[in-house]
Amino acid sequence: MIGLQHTFTMDRDCFSYLPHELHLTIYQHLLDITRIDREDRTSTLLALAQTSRHIRATYEPILFRQDGNPDRAMRWGAYHGLIPLMEKALTHGASVKAEGPHPLGPEYTFPTKTGIFTGPAKGSPLHFAAMNGQNDAVDWLLDHGASLHEPSKNLCKCVDPQIPQGFLTDLGRISQNHGSLNHDALSLALCHHHSSTAQLLIDRGAVEGNAEPVALHTAAATGQHNLFFEILRHVGRHASLDTPIESRFTSLHYAACSPVASPAFIQNMLKAGAHVIESAPRTDLPVFYAALNGSWAVATMFLDMDLEMTESQAQVYRAAGITLEGALVHAAVFAPEPPNDSPTSSEWFDGRKQFLARLARQDPNCVNSVYRNPHWYTNDTPLKRAAAKGHLELVRILLDLGADPNVTAGACSETVLHALTRCNLPVYPDDNPSRLSHPSFDFYTCQIENIASPIEKRLAASTPIIIALLEHGASVDGVKDRDGKTPLDLVVRYQVAERADTAKKYIVLFEAVKLLRVLLKHANPGCLQEEQRRRAKTTVKRMELELEGWWCFTPRARGIGGFGHIPSFTSGY
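So in the UniProt record's numbering, the last spot in the sequence shown is 573, and the numbers never skip.
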């Protein structure tokens, strides 16, 4: 039986599907065996317990005495609604208030402003019962003295207006204090859409005495309309709909950025007393967060209200050097796109296109706006952001709406074509092979998203975008960056970095040749010095010959053009 612990793992629990009654029967049987020969049988029981979390939590009190931690069984029992187990744990010293790791894993991972944070997730038995919708266990724990208002730590993902599809907490507190997603039991039940559990907690007094209406915001963020107004009736005595929590956002912000909140729900909130303008005296309007999360119907509804900002609100946008329409264009570009195979993806993309077209009609220059917003690491145009993300269709939409590809922005004062050539050409400077080809530029999305992907994929994705930019008037040689370089200067200055004789090298060369030829084709005849032009043409020709020879003699060319296929580099680009 000891060998079982090597056959099954705690992550693949073959006993999880057994009914609790059968677990108790097995437990009682093994308990009777251990009474006959406790010392020998206890080790066997421990070995069996290691094969299943259910068994480890159920086969007590023997294991309580072995590891001295009955609180673990209490948390497990609360999460799965096993009241007999919780009763046994209580008799062996477990506390209904003791905090500990999640029964299914001690750590929790979530994105922050500074990267990915993995940290401990802790909560009390009541937190675990509430987040898993175990109503009977919630009642039992409250009857035995569990605290309604005790916060958990890092147990729950919720929507945050400042983080698309993120968390119900303040961006600064996450990044500085990995600190905290501290939800109480009611917020956990709401976040996991356990409406009956949330109603039970409300009936037991979970809303009473809360200084901040966190539960109200959580219900708004998760689109639970009936519970939202139920909580509002309780908190209305000491908090209005315009009352912000610590992150400075109100219920209207949270509803606006919710992926499930409907325009009808927003309208009911407004009828109940929420204010679109007054709710955001020091931050962006709710319409911004609706666009930021791709809720086009809600964002359009806000625009239909003909919003007139207060002076303090207008100052927010003046400080960022942008109009409301410009900020909304940036928000729409930031919105995370759904997978193409999603049933609603076509509707989502059509909604974004119509939303952007409406903004361009209201303010034709909004598609060229530069947003100086420290929260989003951007000092760029929407076009530059869309190109960096590799979204060709979005680039075309912006260009059709009047986006100028020759606008310079960012710390390097560069155009989108500068940024793409810096970011995507796999090259080193001739004078110093150890230096990267894109030093000291602020193309943030390129650094985070593109550089992490294989170079041949970056090149293949960027070339159609560059062609689209050139077709709409992007200058190859007429606009200089902060260092006095044009996009073509950046290309002809460098040589291809891949040196090894590998298939990947030639795939990269194939894409790099296309990129070089595209830029040279659109350059003015007199833009380069004779030496530069000769050098650029020599580089292209050398790569073409190298590629043609490889195509003839390398079967691995199947992945690009097929056996024996010699592509023509003298036409098409």
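Ideal Cβ placement from N, Cα and C applies to all residues, glycine included.
D203: member of the alpha helix (DSSP H) spanning 195-203, first to last residue.
Distance from I465 to L420 at the Cβ level is roughly 7 angstroms; contact confirmed, criterion being Cβ atoms closer than 8 angstroms.
Following the DSSP letters along the chain, one finds K384 inside the alpha helix (DSSP H) bounded by residues 382-388. At the C-beta level, H472 and P364 stay beyond 8 angstroms of one another. DSSP places I83 in the uninterrupted alpha helix (DSSP H) bounded by 83-91. Taking C-beta atoms as the reference points, R204 and L142 count as a pair closer than 8 angstroms.
In the three-state reduction of the DSSP assignment, G473 falls in the coil class, being assigned neither a helical nor a strand state. In the structure shown, the three-state DSSP call for E414 is strand. For I322, there is no enclosing alpha helix (DSSP H), as DSSP gives it neither H nor E.
If you check the CB distance, A137 and I83 come in under 8 angstroms. For P464, the three-state secondary structure derived from DSSP is helix.
When DSSP states are grouped into helix, strand and coil, P103 belongs to the coil group. For K485, the three-state secondary structure derived from DSSP is coil. Taken through DSSP and simplified to helix, strand or coil, A409 comes out as strand. Looking at the backbone, the Cα of N154 and that of K122 are separated by about 7 angstroms.
Assigned with DSSP and collapsed to three states, K97 falls in coil, not helix or strand. Between S124 and E87, the beta carbon gap of about 17 angstroms keeps them out of contact (Cβ cut-off 8 angstroms).
Ranked by Cα distance from H92, the options K480, P70, A290 are led by P70.
At the C-beta level, S295 and P343 stay beyond 8 angstroms of one another. Assignment of K153 by DSSP, reduced to helix, strand and coil, places it in the strand class.
By the CB criterion at 8 angstroms, A357 and V367 fall outside the cutoff. A distance below 8 angstroms separates the beta carbons of R352 and A332.
When DSSP states are grouped into helix, strand and coil, K122 belongs to the strand group. A Cβ-Cβ distance of about 5 angstroms is found for the pair A206 and L148, placing them in contact under the 8 angstroms criterion.
If you draw a straight line from the Cα of L22 to the Cα of N135, it is about 22 angstroms long. Annotation for K480: T486 place their beta carbon closer than 7 angstroms to its own, counting only its chain and skipping 5 residues before and after. Contact annotation, L227 with Q199: C-beta distance approximately 7 angstroms; criterion of less than 8 angstroms satisfied. For R372, there is no enclosing alpha helix (DSSP H), as DSSP gives it neither H nor E. Residue environment analysis places Q224 among the buried positions, since at least 16 neighbouring C-beta atoms fall within 10 angstroms of its C-beta. With a 10 Å radius around the Cβ and a threshold of 16 neighbouring Cβ atoms, S345 comes out exposed.
By the C-beta density criterion, R233 is exposed, having fewer than 16 other C-beta atoms within 10 angstroms. For V287, the uninterrupted alpha helix (DSSP H) run begins and ends at 286-292, by DSSP.
Scanning Q315, L394, Y317 for the CA closest to the CA of E337 turns up L394.
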